[in-house]
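Undergrad:
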Amino acid sequence: MFKRITISIIFLAISLQTAFAQFQLIRKSEEKGIIHYFQNLQEMGGGSAFADINNDGWQDVWINGGSQNEKLYINDGTGSFIDMSMDAGIDAMSISGTTGVIVGDINNDGHRDVFLISSAGTHNYLLYNNGDGSFTDISLEAGILQDTSFSMSASFADINLDGYLDIYVGNYISEINLLYDNNGVAIGFDHTCSEDYLYLNNQDNTFQKLGADFWENQEGCVLASTFTDYDLDGDQDLMIANDFGEWITPNKLFNNNYPENSLSEMSTALGMNVGIYAMGIAIGDYDLDEDLDYYVTNLGRNVLLNNDDGLFLDKTEYAGVEDIKFQDLNTVGWGTSFQDMDLDMYPDLLVANGYIPAGGGSLDWLASNPNNPNKLYLNNQDGTFEDASTATGFSDKSKARGLAAADIDNDGDVDVMVVHVNALILPGEEIRVALYENTLSSNHNWVKLSLEGVKSNRDALGSVVKLYSGGNVLIRELNGGSSHVSQNSSVLHFGLADNSQVDSINVFWPGGAKQTIIDPAINTTVHVVEDLNIYTAIEDQMVENHFVFPIPAQEYLFLSNYTDRAEFVVIDQLGKKKFSGIGNRVALKGLATGLYFVQVVQNKKLKSFPFVKL
């Protein structure tokens, strides 16, 4: 009996190794030309951002320096990189204390600009891309120079859908305070956190900081944030991951009330108010049910929030992605991302782990392991994951912080950058950034999607894409920064498994207008330019539609040729139900401005009509 069990275990181990052996993450930083390290005495921050800076179709990368110089590495067209920091002019700039980076085209001129966040005592930086490989610091002119909080997160989005990117900046601790019991023993935290910044683009390379009339500024100590359309209604909502959430302010989710100029806090109502030491955010539809799920890293147990018809349920333990302990001490998760590493259609999960000094004395329950390894969880396609960190070569034990993903060599699979943090070091002892090349050996197919906005912002940030292949629907969102102080490539990546064809791709541009690509080529990058005809077609269809009136509608929509017993359902452009009723008069109070469809059933016949709500 014992022999039979032993043989079964050996067989299982061999089977798992065979499954994982189809790809390895090989560290090739120096070989690829990237020799750099991030230093911060507070051991905070350390990000990178992938983007095609010079518009040659290859992913370049910007890496923070902290107290070192920033670095811009340009892809040479083979997947290797050339240090162009000096030519870009950033070596000569007085940039210090950086903690994170995001990239976006702030004026839609086709050149991606760079926003750098920095620690306390220094300001954040906006670097304008001159289009010739160089950058100019326009922080003062842009109106952000006066803001000097300890910034630990930033994200781009067009929150008012005017075609220009706006910026959110999440700030950290301004005053350290502890909570004590009656015996004077420290038991928790009561820090004061700095006010966050929300900048609206003035469309002239300047920004206006929004106040309480737009949103109720949350009071947490931010370590990660992202704009994301959690309800798929066409506008960008704001998700914030707060440190010390158990004691101060839990994670927050703000709903975008567009076309009203306001954000409303929805965390508790939707189950997003998780109170942890939140560090990073990953976005992806890991269970292929056509909605967006979220993973939040932590000092201790990470949290997987599954979207269940608009409510978010904790599925962490069931999925097997808690990552709580390593050798009886806490793990500390930072950067994280959902990426289909083996191209089997199901997003896998990457987590960058890294020690931070915490605990001690009565707070020793916070202590983390100095050598907790990174994690790569492979998706089992049943709502659970398998830990493949060691088998794939990703289980590095350095002090990781930021994580970003991109296909650096255009071979169809996803490669990964991890930034480590250095505190006080001696020469030659620095821990350099790690660039991992994916050596996938399977024959799985793939397609990548590059989006270019015309009416929308040029980067198309805020777009949602649905790909149909082999009876599956794959959904991706293009956002302007998530993970931890980092940004993934804006080229959307879809694994197709053994499917040799993509039936169609629906691109939902910011605002929700849909553009369809039929039978796109596979194993290549498909570049999609926003087609303004989709807006003209919608307007023409509404003019010709005489079954519902008035168009546009404000308070009521009337259903011509229908009785007061007709059943109707109002849905948005993504097919999400807004409300239903009976009758030939549809009350529109509370419905946001935008394009909708009313589906009407009478005498067992269903018809659908578009309308615009003002």
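Start counting the sequence shown at 914; every next residue gets the next number (the working numbering). Beta carbons are placed, not taken as given, at the ideal position from N, Cα and C, and that holds for glycine.
1) With Y1081 and F1127 assumed to form a contact (beta carbons below 8 Å), what rounded beta-carbon distance in angstroms separates them?
2) Could you tell me if V1456 is buried or exposed, where buried requires 16 or more neighbouring beta carbons within 10 angstroms of its beta carbon?
3) Out of curiosity, what's the CA-to-CA distance linking D1117 and N1020?
4) Figure out for me which residue from V1482, N1115 and A1318 has the closest Cα to the Cα of L938.
5) Kindly indicate which three-state DSSP category M1455 falls into: helix, strand or coil?
6) Could you name the residues of the same chain whose beta carbon sits closer than 7 Å to that of N1293, not counting the 5 residues immediately before and after it, in chain order?
7) What does the alpha-carbon distance come out to for the pair A1182 and K1491?
8) In chain order, which continuous runs of the alpha helix (DSSP H) of length 4 or greater are located wholly inside the stretch 1079–1110?
9) Tell me which same chain residues have a C-beta within less than 6 Å of the C-beta of K952, skipping the five on either side of it?
10) Scan the stretch 1205–1291 and note each continuous alpha helix (DSSP H) run of 4 residues or more that stays entirely inside, going in chain order.
11) Thinking A1154 and V1209 are a contact (beta carbons under 8 Å), I'd like their distance in whole angstroms, please.
12) In its own chain, which residues sit with a C-beta less than 7 Å from the C-beta of T1119, not counting the 5 before and 5 after it?
13) Looking only at its chain, what residues have a beta carbon closer than 7 Å to the beta carbon of S1308, apart from the 5 residues adjacent to it on each side?
14) Have a look at G877 and W1160 and give me their C-alpha separation to the nearest angstrom.
15) Go through its chain and collect everything with a Cβ distance to L1176's Cβ below 7 Å, but skip five positions before and after it.
16) What does the alpha-carbon distance come out to for the pair L1078 and Y1093?
17) Please state if the CB of V1398 and the CB of G959 are separated by a distance shorter than 8 Å.
18) Hey, V1360 and P1433: beta-carbon distance below 8 Å or not?
19) Let's test the definition: count the other Cβ atoms within 10 Å of the Cβ of F1462 and tell me whether it reaches 16, buried, or not, exposed.
20) Return the chain-ordered list of same chain residues with a C-beta closer than 7 Å to the C-beta of N1211, the five sequence neighbours on each side being excluded.
21) Per DSSP, Y1112 is paired with what?
22) Using DSSP with H/G/I as helix, E/B as strand and the rest coil, what is N1412?
23) If contacts are defined as beta-carbon pairs under 8 Å, then Q1467 and D1444 qualify, I think. What distance do you get, rounded to the angstrom?
24) Using the beta-carbon count (16 or more within 10 Å), is G1013 buried or exposed?
25) Could you give the distance in angstroms between the alpha-carbon of D1477 and the alpha-carbon of K1520?
26) When every heavy atom of the ligand MG is checked, does at least one fall within less than 7 Å of the C-beta of V1329?
27) Give me the residue from S1376, V1327, G1248 and L1337 with the minimum Cα distance to N1358.
28) Would you mind sorting P1270 into buried or exposed? The rule is 16 or more other CB atoms within 10 Å of its CB.
29) Please list, in chain order, all residues of the same chain as A1265 whose beta carbon is under 6 Å from its beta carbon, the five residues on each side excluded.
30) So what does DSSP say about D1328, is it helix, strand or coil?
31) Where L1091 and S1031 are concerned, what is the direct C-alpha to C-alpha distance, given to the nearest angstrom?
32) For I1008 versus Y1038, is the C-beta spacing smaller than 8 Å?
TA: Quick look at the numbers:
1) Along the sequence shown, one-based indexing puts residue 1081 at 168. Along the sequence shown, one-based indexing puts residue 1127 at 214. That belief does not hold up - the Cβ atoms of Y1081 and F1127 are roughly 11 Å apart, past 8 Å.
2) Mapped onto the sequence shown, residue 1456 falls at position 543. Because the pLDDT at V1456 is just 46, under 50, the model does not fix this residue reliably, and the point stays unresolved.
3) Counted from its first residue, the sequence shown places residue 1117 at position 204. Counted from its first residue, the sequence shown places residue 1020 at position 107. Cα to Cα, D1117 sits roughly 7 Å from N1020.
4) On the sequence shown, residue 938 is found 25 positions in, with the first residue counted as 1. Closest by alpha carbon: A1318.
5) For this step, residue 1455 is matched to residue 542 along the sequence shown. Here M1455 scores only 47 on pLDDT, less than 50, and its place in the model is too uncertain to base an answer on.
6) Taking the first residue of the sequence shown as position 1, residue 1293 is located at position 380. Contacts found: E1299.
7) Along the sequence shown, read from residue 1 onward, the residue named residue 1182 stands at position 269. Along the sequence shown, read from residue 1 onward, the residue named residue 1491 stands at position 578. Cα to Cα, A1182 sits roughly 17 Å from K1491.
8) none
9) By one-based count along the sequence shown, residue 952 stands at place 39. A small fix is needed here, since residue 952 is Gln in this sequence, not Lys. Result list for Q952: G979, S980, Q981 and N1335, in chain order.
10) 1229–1232
11) Numbered from 1 along the sequence shown, position 241 holds the residue referred to as residue 1154. Numbered from 1 along the sequence shown, position 296 holds the residue referred to as residue 1209. Yes, A1154 and V1209 are in contact; Cβ-Cβ is about 5 Å, under 8 Å.
12) Residue 1119 sits at position 206 when you count from the first residue of the sequence shown. The residues are E1054, A1055 and G1056.
13) The sequence position of residue 1308 within the sequence shown is 395, counting from 1. Excluding sequence neighbours, S1308 sits near P1286, N1287 and S1302.
14) Outside the displayed span of the chain (914 to 1527) sits residue 877, for which this structure offers no information.
15) Looking up residue 1176 in the sequence shown gives position 263. Closer than 7 Å at the Cβ level, and outside the excluded window around L1176, lie F1127, W1128, L1151, F1167, N1168, N1169 and N1170.
16) Start at 1 with the first residue of the sequence shown, and residue 1078 comes out as number 165. Start at 1 with the first residue of the sequence shown, and residue 1093 comes out as number 180. So the alpha carbons of these two residues sit roughly 44 Å apart.
17) One-based indexing of the sequence shown puts residue 959 at position 46. One-based indexing of the sequence shown puts residue 1398 at position 485. Yes, Cβ-Cβ distance for G959 and V1398 is below 8 Å.
18) Residue 1360 sits at position 447 when you count from the first residue of the sequence shown. Residue 1433 sits at position 520 when you count from the first residue of the sequence shown. It is a contact, given that the beta carbons lie within the stated cut-off.
19) As a first step, residue 1462 must be located in the sequence shown, where it is residue number 549. Burial call: exposed.
20) If you number the sequence shown from 1, residue 1211 lands on position 298. Answer for N1211: I1189, Y1190, A1191, M1192 and G1246, listed in chain order.
21) Position 199 of the sequence shown, counted from the start, is the residue given in the question as residue 1112. Beta-bridge pairing by DSSP links Y1112 to I1080 and K1122.
22) Residue mapping note: residue 1412 aligns to position 499 of the sequence shown, counting from 1. N1412: coil per DSSP, three-state reduction.
23) Within the sequence shown, the letter at position 554 stands for residue 1467. Within the sequence shown, the letter at position 531 stands for residue 1444. Not a contact, Cβ separation roughly 29 Å.
24) Position 100 of the sequence shown holds residue 1013. G1013 is buried by the Cβ-count criterion.
25) Within the sequence shown, the letter at position 564 stands for residue 1477. Within the sequence shown, the letter at position 607 stands for residue 1520. Distance between the alpha carbons of D1477 and K1520: 16 Å.
26) Because no ligand of any kind appears in the structure shown, any question about the ligand MG cannot be addressed here.
27) In the sequence shown, the residue the question calls residue 1358 occupies position 445. The residue with the shortest Cα to Cα distance from N1358 is V1327.
28) Within the sequence shown, the letter at position 357 stands for residue 1270. P1270 comes out exposed.
29) In the sequence shown, counting from the first residue as 1, residue 1265 sits at position 352. Excluding positions up to five away in sequence, the list reads W1247, G1248, N1287, A1313, L1316 and V1331.
30) Reading the sequence shown from its first residue, position 415 is the one you call residue 1328. Note: D1328 maps to strand in three-state DSSP.
31) Position 178 of the sequence shown, counting from 1, holds the residue named residue 1091. Position 118 of the sequence shown, counting from 1, holds the residue named residue 1031. Near 25 Å, if we compare the C-alpha coordinates of S1031 and L1091.
32) As a first step, residue 1008 must be located in the sequence shown, where it is residue number 95. As a first step, residue 1038 must be located in the sequence shown, where it is residue number 125. Yes. Within cutoff.
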